[in-house]
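Read the structure below first, then the notes.
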């Protein structure tokens, strides 16, 4: 090895000079030629401008005429007696301070002499006499060849002798001030300097003390060649080695990198003032502040160049090479010193090698891991440090991500573009991004990704504060809070951009690897599966793991519990975005573009694929079907749905949610509790979507599949759609029931599950395909803004029943008939009144549920919303007796007896608009109904008297009059009979005959029972209690009692009661005039209830007597005539 090869000779000579100055007095006494030799030029001449007398004594730079003026101007006086201090002062001057050419030349020759005088080695031996024996490598170096000092430079971190360390450091600074002083460097790089136009080699053509720029230029040429091979001037191999070696030797003290030192001198004072020089500490400090706004561009560029050199050879980082030296040797990651740019020397190789050891659970020193983390963060902060990305992603950077280079923003921009549609990013660029993520390994510690760290800091502080900083579970925690209120938009984007690449190589998830390493080897027949292998790609390993995760004991080997938990965690994350599932995205790319291009919100793409399941290509349909079937068994895979349903799960389903084995129980629980107050819209929509999805294939309903699979194979073969399977099995059950079969063909567990399915179908019209198809147009026309789910669309159709098309009207009527027969099928009623059912009807069976609620409707404890729903159902029931099972049964004989004319006009699928009930009301007033029917009609009369909406005939015929005469009363939230009272009082103003007839009917009905007139009953409640308490209600008995009390002067009624009774008498009188009796019974009722009934009865009796007398007389005359005829 030649001395010049190592570049160390220069440093050696510097040390000797320092020693020389420290022993100047001794050298003066000796009169030796040491000092004289130093002043001689290489060719043996003396330094210009130095007198002979000065050369014979202790020579000082401060005394030379050439530099005296510059020294006086630039250097403090206390440094003048020390040549090294003067030299350091002048060469480290500020950029704006110039020194004369003569002084420049003097300094150059002085430094050159320092580096070429072999006598300095003896000085180094003297100064470092304690250190040299301690360093075995240096003690064995041959003397006289310059190797000793270079060895001391290599081991200067181990030098404890203060004087030796100081001189080595000082002399190193001198050498690195000019590339021409580095022994052999100029010979190796002369051609490259000229080719790259890196500066002048001849003295005087350039500022001699800024020659560090030449090395900086060569370094830039070296890194540019890596970023753009073939397009740049190629640097020769021996020069490359020299450049990297120089960078390596200057790695501990930033003063040695002269270009970076001058470029960053002010920035060092600004950011790293308190950072002690040595061991690369100033470099690291400046690296950490590289993207600060106050950092100068020149310094930032110099730092970037040095970082790029570190990427090519990790030894350029003093702290990294020192911290990881033993670990590199331990895990066989050592680089070949003869190949500085070999694969083993690259930073990426070091990181991957040591990261692999960490992932396997091997021990890597904390100091080394700390250094690795710093450089992994560095790679993530600045994309330009990765030559592959600069080379392969140039067009993407220029078109998509220009101007975003700081703090990792350009890298994340590329990642965002990379996760977009296929074809936007070049394949090589995509691969380069993936390689960078592998090298940086941000999955192990989120802090490595500065852009992610800054964007998610607030989320981590609130949502993940319970997790130790730097723990790999932080990323999982962030994924768990994706699309939640705690997540911020910027964090969401950065997180998905990173997870897209992590999901494509599961060895980047350290927790998954640690928990599943043994399972992967045992079940997937792979060892060391984190290593790249074409035969066993990472995606294949994870696919193997999740196939085993849901196996039953009967199906064979299963994952360990810890591994299954991690596989489920990954599946939960994948469900958040189809792009996080590489296999799904690969197989469904075409279908995503065809069917789901507009579905860009979270979770929408997978839902879209499931919605278009029948339209998908075979490969895509298979994988979506398999995923959906998996979800039906473990719905917790649907992370977004589970998150949306968290309140419901915590309140009602926490027991099944905590089970290790789901088996479809959680989804069933969510469906059963969709009406709970904790249910939010997102959860309801998600559950409904899954219900709709289940209708496509019975295999997607795990509970139903497991309960009925044998019956399906036996009774319904070749049927795939769940709705068809349900219809098939339900028909079989019904037929067996009607035929009183001894043994049902459908198993009991399947019959129970069928009932569950029927109840679930009542919740959403889309789960009733026949009804949905019949009413599709009506839904779009009448309910365009009504959301599906919670039976809202069905309720909307019911409320707009009069406007429905005939076919839809028919289906809705049939549905209502079924719901009234089995109120449990009325989803809205059950949902709104669930708590009231528990309170008032805990022991009622399903069929009598509505009747029970009606009986308790006016209770003070009744929930207003439930009361409103009951009223709606009463209105529906009063439109047609067929919708009121209790009335229909009670009046089974009365309806055909009294209302046959109405029945003759009826059809099977349309309402009678309350005509039958109106008919029965009139017969109630005539007191002609059977007791059971009378009781039911009395209830209806009492309810409709309080709320006019319960009288469909009145509402239909008096719509205009109500809006014109009684608008204020009709607008009241609580109906107490005020609308009917208003119509009675304004009877004379009603011109529409049908409406007038209905009001008169109300008056007629009120005569039969005071309870039918709530206003009058309220006004006379005390009088009834005092004067008519012994008289039973009904059949007009209490009304007659009050009328007699009104005519009795001895009885004093309440003023309000007296007034109301007098109003009723006037109304009845008017009614008698405009509506004469329609029959004898009607006439008798009017007479009995008339205030002048005594007079009327007297006159009627007198008329009867007169008629009797006339009869007697006429009878005698006719009898006499007959006898006379006989006598003839």
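In my numbering, the protein residues as written are 8 to 1135. Note that the Cβ used here is the ideal one computed from N, Cα and C, for glycine as well. Just so you know, these numbers come straight off a predicted model, no measurement behind them.
- The residues 441, 444, 445, 545, in chain order, have a CB closer than 8 Å to that of residue 512 in the same chain once the five nearest residues on each side in sequence are set aside.
- Judged by DSSP in its simplified three-state form, residue 592 adopts helix.
- In the same chain as residue 1005, and ignoring 5 residues on each side of it, the C-beta atoms closer than 7 Å to its own belong to 960, 961, 964, 965, in chain order.
- Counting C-beta atoms within 10 angstroms of its own C-beta, residue 1121 has fewer than 16 neighbours from the protein chains shown and is therefore classed as exposed.
- Here DSSP, grouped into helix, strand and coil, assigns residue 680 to coil.
- Taking 8 Å as the cut-off, the Cβ atoms of residue 876 and residue 926 do not count as close.
- For the 8 Å CB-CB criterion, residue 566 and residue 647 do not form a contact.
- For residue 1024, the CB contacts under 7 Å within the same chain, skipping 5 residues up- and downstream, are 1017, 1018 in chain order.
- Annotation for residue 932: the continuous alpha helix (DSSP H) segment containing it runs 922-932.
- Assigned with DSSP and collapsed to three states, residue 849 falls in coil, not helix or strand.
- Spatial neighbours of residue 851 in its own chain (CB-CB distance under 6 Å, excluding positions within 5 residues in sequence) are listed in chain order as 859.
- Looking at 954, 1000, 554, 971, the one whose alpha-carbon comes closest to that of residue 980 is 954.
- Cβ neighbours of residue 887 within its own chain (closer than 6 Å, five residues either side excluded): 918, 919.
- Nearest C-alpha to residue 313 among 293, 337, 899: 293.
- Taking C-beta atoms as the reference points, residue 588 and residue 522 fail to come closer than 8 Å.
- When DSSP states are grouped into helix, strand and coil, residue 1042 belongs to the coil group.
- Taking the Cα of residue 581 as reference, the smallest distance to any Cα among 491, 483, 624, 656 is reached at 483.
- Membership of residue 143 in the alpha helix (DSSP H) is indicated by the continuous run 143-146.
- A straight-line Cα-Cα distance of about 13 Å links residue 657 and residue 690.
- Every unbroken stretch of the alpha helix (DSSP H) spanning 4 or more residues and falling wholly within the region 674-740 is given here in chain order: 688-701, 709-722.
- Within the same chain, and ignoring the five residues on either side of residue 195 in sequence, the residues whose Cβ sits closer than 6 Å to its Cβ are 245, 246, 249.
- Collapsing the DSSP output to three states places residue 550 in a helix.
- Boundaries of the alpha helix (DSSP H) around residue 856: 856-862.
- The Cβ atoms of residue 507 and residue 384 lie no closer than 8 Å to each other.
- The beta carbon of residue 976 is closer than 7 Å to those of 985, 986, 989 in its chain, skipping five residues each way along the sequence.
- Ranked by Cα distance from residue 671, the options 448, 698, 73, 204 are led by 698.
- It is roughly 26 Å from the alpha-carbon of residue 748 to the alpha-carbon of residue 725.
- When rounded, the separation of the alpha-carbon atoms in residue 479 and residue 450 is 6 Å.
- DSSP assignment within the region 739-777 yields no whole beta strand (DSSP E) run of 3 residues or more.
- A direct Cα-to-Cα measurement between residue 504 and residue 366 gives close to 23 Å.
- Sequence-distant Cβ neighbours of residue 815 in its own chain, meaning closer than 6 Å and more than five residues away, are 781, 782, 785.
- Here residue 865 carries a coil assignment [DSSP, helix/strand/coil].
- With contacts defined as CB atoms closer than 8 Å, residue 326 and residue 299 fail to qualify as a contacting pair.
- For residue 294, the enclosing alpha helix (DSSP H) covers residues 288-295.
- For residue 887, the three-state secondary structure derived from DSSP is coil.
- By alpha-carbon distance to residue 1045, the top candidate from 1053, 1054, 1035, 1052 is 1035.
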